[in-house]
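Colleague:
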Amino acid sequence: MKPNALHQRWRLLAAAWLMSSVALAHAEPSPGGASLKDIFNAAWARQPQAVAFPARHEAALGMERAARALTAEPATLALTAKSDQWRRNEGAAEREWGIAAPLWLPGERQRAGLLAQAERSALLDTLEASRLRFAGELREVFWAYQRARLEKELAATRLNHTTLLSNDVARRVRAGDLARADQHQAAAALSRAQAALAHAEAGLVRARAQWRLLAGEVHETLSAQAEAEPAGEFEPSHAALAELAARARVAQGAADLAATRRRAHPELLLAASRDRGAHDEAWNGKLVVGLRIPFGGAKHDAAIAEAKAQALEAEALLALQREQLKAEAEIARAKVASQRIAAQAASQRAELASQTRGFFEKSFALGQIDLPTRLRYENEAAEAEREAALAAMDLSAAISALRQAQGLLP
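Counting from 1 along the sequence shown, just add 2 to a position and that's the residue number in the working numbering.
In structure tokens, the structure reads:
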């Protein structure tokens, strides 16, 4: 590959990353590839929260059904039998069977139903918040993986360029145009490029392993897609806020329910009994209707106080989290703005360095400058183009972090 073609490849790499970020649009995945959204959905399906959600949702529905029941707790069947068989054995006996049904306290059934509904709603909000947190982990590992891929590609391109320069110097040394010391300097530059490529390949192995651990598989055809920059400000519908608001509603519902449970449930007893005094007496039938009313106590007062404390704590936590998320969104947006300026500046610097390198490349070919000067400007241009490509990727990563801060999924 000719040096000019390599220069063009460096510029295309930097320009591609910058344009993908400035365009602020989702790129279409390559044929056979997968989008970040598809990978997120597939990876989320493997997470424990996603696997356990159907069972938790069914449990929440069961709590709602329990709140609609006629009795506060399932009724119990009572069977008793009495006899004098073990002592006098005169035939005295008594048989009793009945049902004891715990009754709802005043207002308890309604508040239990509201609490069950709040808990089921909170389950959905918690799921969305878990999805958002997982999206943050996936985004972080995704951009680390993409950066490692870019570092490796840049290092490989730089090695190819250095190899061509080293071969050119060796040819000119054989022709007597350059001293053998120049060949040693070119060989040293080649060794540094080889070491840089080896270091980049090791970094890519680590990043690929982390990506595979989180995403389940490595998608080599996945390109680093620039997510669309959100135009609006921080939205109060953030999943983390919705989760805390749902917890606050559950805590308040639990406090309201605890306020109605100042004592244990009263019990209604319906029973029938038969008894006789001796063998020669007839059985007598009876109908028993009873009501057991328990008294309150300090135990229930402590439960009410604890429920109120949890409700107050949830409300305070929600207010703090709202301010924290707003601050994080503002910081993320400021980082996007500064990173965009840095990417544009790095792109301009890379363009100027590339042009300067072209001038000194021609001068070196004509013998107007020595090899150290040629290598210095070569290194400066290569580093400038590397910084431009990485700065463009950092802009894409900053936009992705802004979307995360505003509660937007991939």
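Beta carbons are placed, not taken as given, at the ideal position from N, Cα and C, and that holds for glycine.
Could you spell out the range, first to last residue, of the alpha helix (DSSP H) harbouring G178?
Modeller: On the sequence shown, position 176 is the one that residue 178 refers to. Element bounds for G178: n/a, residue is neither H nor E.
Colleague: Quick one: grab the DSSP three-state call for R265.
Modeller: Residue 265 sits at position 263 when you count from the first residue of the sequence shown. Of the three classes helix, strand and coil, the one that applies to R265 here is strand, per DSSP.
Colleague: Between which two residues does the beta strand (DSSP E) harbouring W99 extend?
Modeller: By 1-based counting over the sequence shown, the position of residue 99 is 97. Residues A95 to P104.
Colleague: Per DSSP, which one or two residues make a beta bridge with V291?
Modeller: Within the sequence shown, residue 291 is the residue found at index 289, counting from 1. Looking at the DSSP assignment, V291 forms a beta bridge with L272.
Colleague: Quick one: grab the DSSP three-state call for N286.
Modeller: Counted from its first residue, the sequence shown places residue 286 at position 284. Looking at N286 - three-state DSSP - the assignment turns out to be strand.
Colleague: Note down, one range per segment and in chain order, each alpha helix (DSSP H) of at least 4 residues found wholly within the region 130–211.
Modeller: Fully enclosed alpha helix (DSSP H) runs of 4 or longer: not present.
Colleague: Taking C-beta to C-beta, are G100 and L271 nearer than 9 Å?
Modeller: Locating residue 100 in the sequence shown gives position 98, where the first residue counts as 1. Locating residue 271 in the sequence shown gives position 269, where the first residue counts as 1. Yes.
Colleague: Pick out whichever of L368, E363, Q370 and E389 has its Cα sitting closest to the Cα of Y379.
Modeller: Indexing the sequence shown from 1 puts residue 379 at position 377. Answer by Cα proximity: E363.
Colleague: Three or more C-beta pairs under 8 Å: does that hold for the region 329–338 against the region 279–297?
Modeller: Contact fails: fewer than three Cβ-Cβ distances are below 8 Å.
Colleague: Assign T73 to one of three DSSP states: helix, strand, or coil.
Modeller: To locate residue 73, count along the sequence shown from 1; it is residue 71. The answer is coil: DSSP assigns T73 none of H, G, I, E or B.
Colleague: Considering only the alpha carbon of each residue, which of A131, Q196 and G205 lies closest to R151?
Modeller: Counted from its first residue, the sequence shown places residue 151 at position 149. Checked all of A131, Q196 and G205; the closest Cα to R151 is G205.
Colleague: According to DSSP, simplified to helix, strand and coil, what is A321?
Modeller: Residue 321 sits at position 319 when you count from the first residue of the sequence shown. Looking at A321 - three-state DSSP - the assignment turns out to be helix.
Colleague: Between S23 and L373, what straight-line distance do the alpha-carbon atoms span, to the nearest angstrom?
Modeller: Taking the first residue of the sequence shown as 1, we reach residue 23 at position 21. Taking the first residue of the sequence shown as 1, we reach residue 373 at position 371. Note on S23: pLDDT 39, under 50, position unreliable in the model; no value is reported.
Colleague: To the nearest angstrom, report how far apart A316 and A309 are at their CA atoms.
Modeller: The residue given as residue 316 occupies position 314 in the sequence shown. The residue given as residue 309 occupies position 307 in the sequence shown. Computed Cα separation, rounded: 11 Å.
Colleague: Here's a check: name, in chain order, each residue in its chain whose Cβ is nearer than 7 Å to the Cβ of A399, leaving out the five neighbours to either side.
Modeller: Working through the sequence shown from its first residue, we reach residue 399 at position 397. So the qualifying residues of the chain are W145.
Colleague: Between the C-alpha atoms of A256 and R122, what's the straight-line distance to the nearest angstrom?
Modeller: For the purposes of this step, residue 256 is taken as residue 254 along the sequence shown, with counting starting at 1. For the purposes of this step, residue 122 is taken as residue 120 along the sequence shown, with counting starting at 1. Their Cα atoms are separated by approximately 13 Å.
Colleague: Does S398 come out as helix, strand or coil in the three-state DSSP assignment?
Modeller: Locating residue 398 in the sequence shown gives position 396, where the first residue counts as 1. Reduced to three states, the DSSP call for S398 is helix.
Colleague: Looking at the structure shown, is H28 part of a helix, part of a strand, or coil, going by DSSP?
Modeller: Start at 1 with the first residue of the sequence shown, and residue 28 comes out as number 26. Caution is warranted here: a pLDDT of 35 is assigned to H28, below 50, making its placement in the model unreliable, and the coordinate value is therefore given only provisionally. Residue state, collapsed to three classes: coil.
Colleague: At which residues does the beta strand (DSSP E) containing L79 begin and terminate?
Modeller: Position 77 of the sequence shown, counting from 1, holds the residue named residue 79. It spans T78 to S85 - the beta strand (DSSP E) in which L79 sits, taken as one unbroken run.
Colleague: Considering only residues of the same chain and omitting the five flanking positions on each side of L411, which have a CB-CB separation below 6 Å?
Modeller: Here residue 411 refers to the residue found at position 409 of the sequence shown. Answer for L411: A137, listed in chain order.
Colleague: With distances taken from CA atoms, which of Q148, A241, H240 and A384 is nearest W213?
Modeller: Looking up residue 213 in the sequence shown gives position 211. Of Q148, A241, H240 and A384, the residue nearest in Cα terms is Q148.
Colleague: Using three-state DSSP, classify V252 as helix, strand or coil.
Modeller: Taking the first residue of the sequence shown as position 1, residue 252 is located at position 250. In this structure, V252 counts as helix in the three-state DSSP scheme.
Colleague: Can the beta-carbon of L117 be found closer than 9 Å to that of A69?
Modeller: Within the sequence shown, residue 117 is the residue found at index 115, counting from 1. Within the sequence shown, residue 69 is the residue found at index 67, counting from 1. Contact flag set, yes.
Colleague: Would you mind stating whether A191 and L368 have Cβ atoms separated by less than 9 Å?
Modeller: As a position in the sequence shown, residue 191 is number 189, starting the count at 1. As a position in the sequence shown, residue 368 is number 366, starting the count at 1. Taking 9 Å as the Cβ cut-off, A191 and L368 do not qualify as a contacting pair.
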